[in-house]
Amino acid sequence: AGEQRTPLDWQVRRAKIVGSPASRAVECAMSSRATASADDSLEMYKTLHDERVSLAEETRKLEVLAVTAVAALYAWLATNHVHGKLWYIGTPLVILASFRALVLGERILIIKDYLITLESHLFPEEPKVLGYEQYYVNHTSDKWYMHLRYTAGVIWFFLFIVTLLAPCILDK
324 AGEQRTPLDW QVRRAKIVGS PASRAVECAM SSRATASADD SLEMYKTLHD
374 ERVSLAEETR KLEVLAVTAV AALYAWLATN HVHGKLWYIG TPLVILASFR
424 ALVLGERILI IKDYLITLES HLFPEEPKVL GYEQYYVNHT SDKWYMHLRY
474 TAGVIWFFLF IVTLLAPCIL DK
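Here it is as structure tokens:
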């Protein structure tokens, strides 16, 4: 009752509730508080990295599915000679899908930050050796197009604009 909660405690509870694929990492995080061994940290790093890659793949699949769904919707509306406001049904679809992508992207960023923390734990005495996450941040900070959140934002923005403008052009 008197113990202080940390952000890791919140992540541990959330992952257990949601059933996250990182449940092994969560168990590892709980055990590493007492024994904080390099093996535990390395196992947690691998698991969280795999989850991050999986989440990135899921965001790309979501983008492809949203584009496909909107294209299929417009094709169906055009071939069935539907006119009017139904052409705008793609807009809420894109808004909902982009919100889901935003949530996935935030999870990816949280994992990235924690991986950087783990890298500093794994390489404490070798400041010249950077883990991949830290290396990537250092070498792409001036290249906005190398970051998932920006490229995804551009894709979702243009898809949203298309769903607003396409009905005006295609509904004839």
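For the sequence shown, the numbering used here gives the first residue as 324, with consecutive numbering after it.
Yeah, the Cβ is synthetic: ideal placement off N, Cα and C, and Gly gets one too.
(message) Taking the beta carbon of P490 as the centre, do at least 16 other beta carbons fall within 10 Å, making it buried, or is it exposed?
(response) buried
(request) For A475, I'd like the list of residues in its chain whose CB is within less than 8 Å of its CB, leaving aside the five on either flank, ordered along the chain. (result) T382, E386, A424 and G428
(message) According to DSSP, simplified to helix, strand and coil, what is F422?
(response) helix
(message) Classify A345: buried if its beta carbon has 16 or more other beta carbons within 10 angstroms, exposed otherwise.
(response) For A345, the predicted model reports a pLDDT of 49, less than 50, meaning its position is unreliable; a value from the coordinates is still stated below. It is buried - the Cβ of A345 has at least 16 other Cβ atoms within 10 Å.
(request) Flag this pair as yes or no: are the beta carbons of L365 and L445 separated by less than 8 Å? (result) yes
(message) Could you tell me the alpha carbon to alpha carbon distance between A413 and L488, rounded to whole angstroms?
(response) In the sequence under discussion, the amino acid at residue 413 is Gly, which differs from the Ala named in the question. So the two alpha carbons sit approximately 11 Å from each other.
(message) Can you list, in chain order, the residues of its chain with a C-beta nearer than 6 Å to that of Q457? Leave out the 5 residues immediately preceding and following it.
(response) I439 and E442
(request) Using 10 angstroms around the beta-carbon of E380, count the other beta-carbons present and answer buried if the total reaches 16, otherwise exposed. (result) exposed
(message) Judging by CA-CA distance, which residue of M367, Y368 and A389 is the nearest neighbour of F483?
(response) A389
(message) For L471, which residues in the same chain have their Cβ closer than 8 Å to its Cβ, ignoring the five residues on either side in sequence?
(response) A379, T382, G428 and I431
(request) Tell me where the alpha helix (DSSP H) around Y411 begins and ends. (result) No alpha helix (DSSP H) holds Y411; DSSP gives it neither H nor E.
(request) Output the boundary residues of the alpha helix (DSSP H) element that contains N403. (result) From DSSP, N403 is part of no alpha helix (DSSP H); its letter is neither H nor E.
(request) From the DSSP output, in three-state form, read off K435 for me. (result) helix
(message) Tell me the DSSP secondary structure of H470 in three-state form.
(response) coil
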